[in-house]
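**Student:**
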Amino acid sequence: MTTTDSSRVGKRRPALRAGARWPGRRSGASVARPGFAWAAPATLFFTLFAVLPLIMVAVLSFAEWDGVDALSFTGVDNWKTLVHDHVMLQSIWLTLLTTVLGVVVQTPLSILLGVWAAGKQRNRAVLSAIYFVPLLLSATAISILWRALLDPNFGVPSQARWLFGDGNLFGHQSTAIGVLIFVGAWQYTPFHTLIYQGATRAIPQVLYQAAAIDGAGRIRQFWSITLPQLRTTMVTSMILMVVGGMTVFDTVLILTQGGPGTDTTTTPYYSYVKGFKDFQFGYASAIALILVVIATIISLVIVKFSGYDKMRSSSEGL
Amino acid sequence: MKKRWLPRAVAGSVVLALGLTLAACGGGSSSSSGSGSFTVLVYGDASNKVEKQIIDTFNKTSKVKAKLQTIPGADYQTKLQTLINTKQAPDVFFNWGGGSIAPFVKAGLLLPLDDMIAKDPGLKSNFLPSVFNGAVVDGKSYGIPMRGTQPVMLFNNKKVLADNGLTAPKTWDDLLNAVKVLKAKHVTPIALGGGDQWPTLMWYEYMYDRIAGPGLFEKAMGGDKSAWDSADSRAALAKLKELIDAGAFGTNYDSVKYTDGGSVALVAQSKAAFELMGSWYYSQQQQDNPDFAKSGLGYSSFPTVDGGKGDPTDIVGNTNNYYSVLKKTKYADAIAQFLKLQYSDEFVKAHMAIGNLPTTTNTVNFLDTAAIPDYAKFQYDLVKSAPSFQLSWDQAYPQSASNAMHTAVQQFFDGKIDADGFIKAMQALPTS
Numbered sequence: 001m002t003t004t005d006s007s008r009v010g011k012r013r014p015a016l017r018a019g020a021r022w023p024g025r026r027s028g029a030s031v032a033r034p035g036f037a038w039a040a041p042a043t044l045f046f047t048l049f050a051v052l053p054l055i056m057v058a059v060l061s062f063a064e065w066d067g068v069d070a071l072s073f074t075g076v077d078n079w080k081t082l083v084h085d086h087v088m089l090q091s092i093w094l095t096l097l098t099t100v101l102g103v104v105v106q107t108p109l110s111i112l113l114g115v116w117a118a119g120k121q122r123n124r125a126v127l128s129a130i131y132f133v134p135l136l137l138s139a140t141a142i143s144i145l146w147r148a149l150l151d152p153n154f155g156v157p158s159q160a161r162w163l164f165g166d167g168n169l170f171g172h173q174s175t176a177i178g179v180l181i182f183v184g185a186w187q188y189t190p191f192h193t194l195i196y197q198g199a200t201r202a203i204p205q206v207l208y209q210a211a212a213i214d215g216a217g218r219i220r221q222f223w224s225i226t227l228p229q230l231r232t233t234m235v236t237s238m239i240l241m242v243v244g245g246m247t248v249f250d251t252v253l254i255l256t257q258g259g260p261g262t263d264t265t266t267t268p269y270y271s272y273v274k275g276f277k278d279f280q281f282g283y284a285s286a287i288a289l290i291l292v293v294i295a296t297i298i299s300l301v302i303v304k305f306s307g308y309d310k311m312r313s314s315s316e317g318l
Numbered sequence: 001m002k003k004r005w006l007p008r009a010v011a012g013s014v015v016l017a018l019g020l021t022l023a024a025c026g027g028g029s030s031s032s033s034g035s036g037s038f039t040v041l042v043y044g045d046a047s048n049k050v051e052k053q054i055i056d057t058f059n060k061t062s063k064v065k066a067k068l069q070t071i072p073g074a075d076y077q078t079k080l081q082t083l084i085n086t087k088q089a090p091d092v093f094f095n096w097g098g099g100s101i102a103p104f105v106k107a108g109l110l111l112p113l114d115d116m117i118a119k120d121p122g123l124k125s126n127f128l129p130s131v132f133n134g135a136v137v138d139g140k141s142y143g144i145p146m147r148g149t150q151p152v153m154l155f156n157n158k159k160v161l162a163d164n165g166l167t168a169p170k171t172w173d174d175l176l177n178a179v180k181v182l183k184a185k186h187v188t189p190i191a192l193g194g195g196d197q198w199p200t201l202m203w204y205e206y207m208y209d210r211i212a213g214p215g216l217f218e219k220a221m222g223g224d225k226s227a228w229d230s231a232d233s234r235a236a237l238a239k240l241k242e243l244i245d246a247g248a249f250g251t252n253y254d255s256v257k258y259t260d261g262g263s264v265a266l267v268a269q270s271k272a273a274f275e276l277m278g279s280w281y282y283s284q285q286q287q288d289n290p291d292f293a294k295s296g297l298g299y300s301s302f303p304t305v306d307g308g309k310g311d312p313t314d315i316v317g318n319t320n321n322y323y324s325v326l327k328k329t330k331y332a333d334a335i336a337q338f339l340k341l342q343y344s345d346e347f348v349k350a351h352m353a354i355g356n357l358p359t360t361t362n363t364v365n366f367l368d369t370a371a372i373p374d375y376a377k378f379q380y381d382l383v384k385s386a387p388s389f390q391l392s393w394d395q396a397y398p399q400s401a402s403n404a405m406h407t408a409v410q411q412f413f414d415g416k417i418d419a420d421g422f423i424k425a426m427q428a429l430p431t432s
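From first to last, the protein sequence lines are chains A and B.
To convert, note that position 286 of the first sequence is 286 in UniProt numbering; the numbers rise steadily by one, no gaps.
To convert, note that position 176 of the second sequence is 176 in UniProt numbering; the numbers rise steadily by one, no gaps.
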């Protein structure tokens with residue numbers, strides 16, 4: 001979205017912008033570009049809190065450190081162990097699975113809710129305000145809440161035996177993953193709904209008016225206008241879901257603790273366990289690095305195949 | 001351009017500075033080196049009210065003040081380890097002695113207390129020697145006992161047992177019979193917080209002790225990993241499997257936790273009959289369900305197992321908890337005064353009142369003042385007469401082993417791995 005916007009602005013009102021913001025500058029070539037200094041705070045922040053730690057993690061992955069004793073470099077030992085660690089391999093698979101399931105569950109839900117919430121009716125405004133409440137709660141609070149609600153003896157399952165059986169939701173891999181997906185969706189769907197609501201509202205009304213004249217009904221309008229117009233938004237939302245889904249940690253920690261056994265030990269949680277339970281910070285760093293690499297590759301692939309990188313304004317010609 | 005750039009740059013750096021300050025705050029603003037006060041870091045649970053009371057008493061007379069900090073149980077060890085070598089490290093901290101402080105001793109972070117003891121021999125002589133020695137590493141004392149001893153016992157709901165014509169089981173067969181009777185009545189025989197994993201581990205600790213005796217674990221800890229593959233080890237696992245397969249724990253124990261009060265409530269509300277837990281279970285029930293703790297909570301030692309090599313009076317659990325002192329503290333003298341309170345009459349009485357059993361030599365004088373004198377006497381005799389008091393496996397092994405151990409323990413209970421799988425997992429644990 002931002003790419004689209006700035007290119008549009010740049011095309012349409014270059015003179016106005018340059019005149020108002022950069023009175024001192026005359027050179028035509030650089031008028032539309034803000035100075036480098038504007039990027040300095042963000043760059044500094046990013047360097048301090050993202051690049052530097054990342055480099056430190058990379059260094060740490062070649063060392064052994066328990067947080068107390070002196071750090072000792074062990075070469076590629078951590079990486080060698082990692083290759084043969086079946087919990088690690090399983091954790092990558094679990095991370096991908098929960099991410100994909102998260103996208104599959106949340107995307108249709110948030111599109112439907114978002115398009116519905118885009119209407120200007122008063123009841124929709126009130127209800128969407130309520131839908132956004134989970135967005136305001138911390139993930140920790142949400143996880144503790146659901147863990148209590150899903151207690152097999154005192155929670156919802158004890159009142160709905162026909163659905164939950166003995167209520168051993170956290171005792172089987174499939175149901176434990178189900179709980180993680182459900183709680184994740186409960187928590188994040190409102191956020192994506194918000195994105196889709198804004199995007200739907202930005203679709204020019206003339207398109208709908210033209211379609212109505214051509215005799216298209218509501219459903220036809222949804223499929224032929226709304227959905228195609230939301231394409232860029234979908235990519236944005238999906239990238240957020242994928243990156244968010246791959247780094248989900250708090251829900252796993254509180255709801256399942258990676259269990260039963262290691263059945264829901266996703267890569268970020270495994271990294272935590274190795275670091276903060278086993279105190280092998282070097283090994284944990286190696287796991288974290290793998291996660292960074294995988295998440296980056298996936299994001300790049302999405303950007304590439306969705307054509308997001310060379311996307312043009314979808315409102316061109318309007 | 002220069003003129004306009006400047007205010008923005010200033011604004012930018014102010015925002016940045018603010019952000020950094022906030023970030024710094026998040027890192028923990030409680031300084032331990034404030035004006036004349038030291039921090040005491042303790043595992044957060046029902047016993048904290050005693051720690052608070054003792055600190056209040058100390059602060060009444062001392063110029064240097066003590067400040068209590070607690071960390072909720074499950075996260076204690078994690079937070080301690082990440083904290084201990086930083087500026088935010090506490091001056092005095094709670095631990096389990098032995099294996100739990102060995103890495104800190106190795107890193108030279110802890111203050112040997114022998115000088116303090118030389119000045120005031122009472123710091124040593126007022127504690128039961130077997131317990132005091134739990135925090136001796138390489139011949140030097142690093143900890144002063146600061147809570148009660150915590151043997152693991154089999155607790156029960158007296159009413160549920162009476163309603164079904166049962167009594168606290170004395171033998172393994174009694175227990176199996178109770179399981180059968182209770183299951184037929186649709187009562188979960190044994191409540192288990194399997195979600196926490198360590199309560200499950202207690203069943204292994206007792207089974208191994210009763211069948212193989214304490215020697216097997218000692219051998220394995222000493223580095224002889226073949227002990228796990230012995231006939232005794234397999235026999236213990238088979239017995240345990242027998243109990244699980246009899247439906248003793250119900251089917252949904254993995255979704256139940258002790259730490260969020262789930263299993264505690266099962267017993268208090270008569271939905272389950274037994275729970276195997278440390279002696280702190282009494283103060284937990286007293287906090288959650290005072291009425292039940294007073295009149296409905298029964299207890300017994302772990303049943304004997306026919307043909308087992310272990311002494312039927314052996315116990316497992318935590319010998320005690322300890323206060324250790326950081327080497328870099330500025331208040332060693334004040335701390336020495338503070339540690340003296342850990343054997344005061346007030347300390348003993350306060351712990352007795354919430355069902356804990358201190359390990360000071362004067363404890364025996366106060367058994368009658370305990371919340372439930374019978375419970376205190378029962379525990380006291382249990383600990384006094386036990387030929388072996390096995391420290392919880394996850395405390396005896398180095399911290400780095402506990403996660404893998406807990407995972408194996410849970411997977412064997414769930415049938416995910418068989419005896420071979422469990423033995424292999426235990427053999428893979430680091431022992432030092």
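We put the beta carbon where it would ideally sit given N, CA and C, even for glycine.
(1) Considering residue 322/A, what are the terminal residues of the alpha helix (DSSP H) in which it resides?
(2) What does Pro260/A touch in chain B if you count any residue whose Cβ is under 7 angstroms from its own?
(3) Just to confirm, is the Cβ distance from Pro268/A to Phe249/A under 8 angstroms?
(4) For Leu391/B versus Gly148/B, is the C-beta spacing smaller than 8 angstroms?
(5) What does residue 351/A touch in chain B if you count any residue whose Cβ is under 8 angstroms from its own?
(6) Please name the residue, chosen from Leu96/A, Leu44/A and Arg201/A, that lies closest to Ser299/A on a Cα-to-Cα basis.
(7) Ala191/B and Ala272/B - do their beta-carbons sit closer together than 8 angstroms?
(8) In the structure shown, what three-state DSSP assignment does Ser432/B receive?
(9) For Pro145/B, list the residues DSSP reports as bridge partners.
(10) Among the residues of its own chain, which have a CB less than 8 angstroms from the CB of Asp288/B, if the five just before and after it don't count?
(11) Enumerate in chain order the residues of its own chain whose CB-to-CB distance from Pro152/A is below 8 angstroms, with the five nearest sequence positions on each side excluded.
(12) Mapping DSSP to helix, strand and coil, what is Asn156/B?
(13) Which one of Ile219/A, Thr251/A, Ala199/A and Thr256/A has the shortest CA to CA distance from Val235/A?
(14) Considering only DSSP beta bridges, list what Ser300/B is partnered with.
(15) I'd like to confirm the pairing. Which residues does DSSP put opposite Tyr208/B in its beta bridges?
(16) Compare the C-beta of Ile298/A against all C-beta atoms of chain B and say whether one is closer than 8 angstroms.
(17) Looking at chain B, which residues of the segment 150 to 179 of chain A have a Cβ within less than 7 angstroms of any of its Cβ atoms?
(18) With contact counted as at least three CB pairs below 8 angstroms, one residue from each stretch, are the segment 128 to 140 of chain B and the segment 222 to 241 of chain B in contact?
(19) Taking the DSSP output, what are the residues bridged to Glu64/A?
(20) Give a yes or no on whether the C-beta atoms belonging to Leu135/A and Phe191/A are separated by under 8 angstroms.
(21) Just curious, the beta strand (DSSP E) that Asn95/B is in, first and last residue?
(22) Look up Thr39/B in the DSSP assignment and say whether it is helix, strand or coil.
(23) Pull out every residue of the segment 277 to 297 of chain A whose Cβ sits closer than 8 angstroms to any Cβ of chain B, in chain order.
(24) Three-state secondary structure (DSSP) at Cys25/B?
(25) Pull up the distance between the alpha-carbon of Ser72/A and that of Leu60/A, whole angstroms please.
(26) What distance in whole Å lies between the Cβ atoms of Ile84/B and Leu111/B, which are believed to be in contact at a cut-off of 8 angstroms?
(27) Quick check on Arg210/B: buried or exposed, where buried means 16 or more other Cβ atoms within 10 Å of its Cβ?
(28) Apart from the five residues on each side of it in sequence, which residues of its chain come closer than 6 angstroms, Cβ to Cβ, to Phe412/B?
(29) I think Asn321/B touches Asn95/B, with their Cβ atoms under 8 angstroms apart; what is that distance to the nearest whole Å?
(30) Looking at the C-beta of Thr171/B, does it have a partner C-beta in chain A at a distance below 8 angstroms?
(31) Pick helix, strand or coil for Gln69/B, following the three-state DSSP scheme.
(32) Scan the segment 344 to 372 of chain B for residues whose Cβ lies nearer than 8 angstroms to a Cβ of chain A and list them as they occur along the chain.
(33) So the alpha helix (DSSP H) Pro373/B belongs to, where does it begin and stop?
(34) Identify the continuous alpha helix (DSSP H) that holds Pro157/A and give its terminal residues.
(35) Within 8 angstroms (strictly less), CB to CB, does Val273/A reach chain B?
(36) Please list, in chain order, all residues of the same chain as Gln197/A whose beta carbon is under 6 angstroms from its beta carbon, the five residues on each side excluded.
**Tutor:** This is what the structure gives:
(1) Here chain A covers residues 1 to 318 and nothing more, so residue 322/A does not appear.
(2) Asp254, Gln410 and Asp414
(3) yes
(4) no
(5) The structure shown does not extend to residue 351/A, since chain A spans only 1 to 318, so no value can be given for it.
(6) Taking only the C-alpha atoms, the option nearest Ser299/A is Leu96/A.
(7) yes
(8) Correct three-state label for Ser432/B: coil.
(9) Tyr322/B
(10) Closer than 8 angstroms at the Cβ level, and outside the excluded window around Asp288/B, lie Gly261, Val264, Ala265 and Ala268.
(11) Ser158, Phe164, Asp166, Gly167, Asn168 and Leu169
(12) strand
(13) For the residues Ile219/A, Thr251/A, Ala199/A and Thr256/A, the minimum Cα distance to Val235/A belongs to Ala199/A.
(14) Leu154/B
(15) According to DSSP, which records beta bridges pairwise, Tyr208/B is partnered with nothing at all.
(16) no
(17) Asp151, Pro152, Asn153, Phe154, Asp166, Gly167, Asn168, Leu169, Phe170 and Gly171
(18) no
(19) Answer by DSSP bridge pairing, in chain order: Ser72/A.
(20) yes
(21) Val92 to Asn95
(22) strand
(23) Of all residues in the segment 277 to 297 of chain A, Lys277, Asp278, Phe279 and Gln280 have a Cβ within less than 8 angstroms of some Cβ in chain B.
(24) Any reading at Cys25/B must be qualified, since the residue scores a pLDDT of 41, below 50, and its modelled position is unreliable; the value itself is stated next. Reduced to three states, the DSSP call for Cys25/B is helix.
(25) 9 angstroms
(26) The pair is not a contact, with the Cβ atoms about 13 angstroms apart (cut-off 8 angstroms).
(27) buried
(28) Phe422
(29) Sure, about 7 angstroms apart at Cβ, within 8 angstroms.
(30) no
(31) strand
(32) Listed by position along the chain: nothing, the set is empty.
(33) Its alpha helix (DSSP H) spans residues Pro373 to Ser385.
(34) Val156 to Gln159
(35) Judged by the 8 angstroms Cβ criterion, Val273/A is in contact with chain B.
(36) Around Gln197/A: Gly114, Ala117 and Ala118.
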